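Structure first, then comments.
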Amino acid sequence: MTAIAAIQWESLGTIAAAFVLAVWALRDPDTERQPSAAAGQETVVRLKAKVRGRPVQAVELKDGAVIGRVPGCDLVLDDSTVSKHHARIHCDAAPLIEDLDSTNGTYVNGRPVDGPTALRRGDRIALGAAKIVFLGLAARTSKNPKG
Numbered sequence: 011m012t013a014i015a016a017i018q019w020e021s022l023g024t025i026a027a028a029f030v031l032a033v034w035a036l037r038d039p040d041t042e043r044q045p046s047a048a049a050g051q052e053t054v055v056r057l058k059a060k061v062r063g064r065p066v067q068a069v070e071l072k073d074g075a076v077i078g079r080v081p082g083c084d085l086v087l088d089d090s091t092v093s094k095h096h097a098r099i100h101c102d103a104a105p106l107i108e109d110l111d112s113t114n115g116t117y118v119n120g121r122p123v124d125g126p127t128a129l130r131r132g133d134r135i136a137l138g139a140a141k142i143v144f145l146g147l148a149a150r151t152s153k154n155p156k157g
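Under the numbering used here, think of the first position of the sequence shown as 11, with each following residue one higher.
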């Protein structure tokens, strides 16, 4: 093998190693720490919600939970700027939030949600005047495990 060919292969190896290192450095560290629901467990979403004039409340919601203003919602935010059925949270491969055609929209970190939007720990969600912080996922033992 000539010296030039050896240098080219060594350079290619260096480039490949730099690429792998860059992918590793730019990964979402929360993705690796999200608990997976084992048998007898369900994944729940942990949030901190603030509606003006009320104290902050910490809540845990099940997959598919609806957030809105009416009593049938999983998280009721009693605020006129929040729609009756404002948003839904899913826990597929990653936690997602989607707007349910609300009047005032749903925002994540100041950006409007226009379809299922991934959530990361610490994200700030705005539903009308209500403010929510996404705290992450947790696994909880279900009361009626199937099996």
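From the three backbone atoms N, C-alpha and C, an ideal C-beta is built for every residue, glycine too.
Quick caveat: nothing in here was measured; it's all calculated off a predicted structure.
Check	Outcome
Same chain, Cβ closer than 6 angstroms to Thr127, neighbours up to 5 away in sequence not counted	Ile107 and Val118
N- and C-terminal bounds of the beta strand (DSSP E) containing Leu137	Arg134 to Leu137
Reference Val55; option with closest CA among Gly74, Arg64, Leu31 and Val80	Gly74
Nearest-angstrom Cα separation, counted from Ala59 out to Arg130	16 angstroms
Residue span of the beta strand (DSSP E) that contains Leu110, given as start and end	Unbroken run through Leu110: none, as it is neither H nor E.
Backbone secondary structure at Thr24 - three-state DSSP	helix
Chain B within 7 angstroms of Val54, Cβ atoms only	The structure shown contains no chain B, having only a single protein chain.
Three-state class that DSSP yields for Val75 in the structure shown	The sequence shown places Ala at residue 75, rather than the Val named in the question. Three-state result, Ala75: strand.
CB contact flag (Leu110, His100, <7 angstroms)	no
Nearest-angstrom Cβ-Cβ length linking Leu71 and Ile142, presumed shorter than 8 angstroms	Contact doesn't hold; Cβ gap of about 11 angstroms is too wide.
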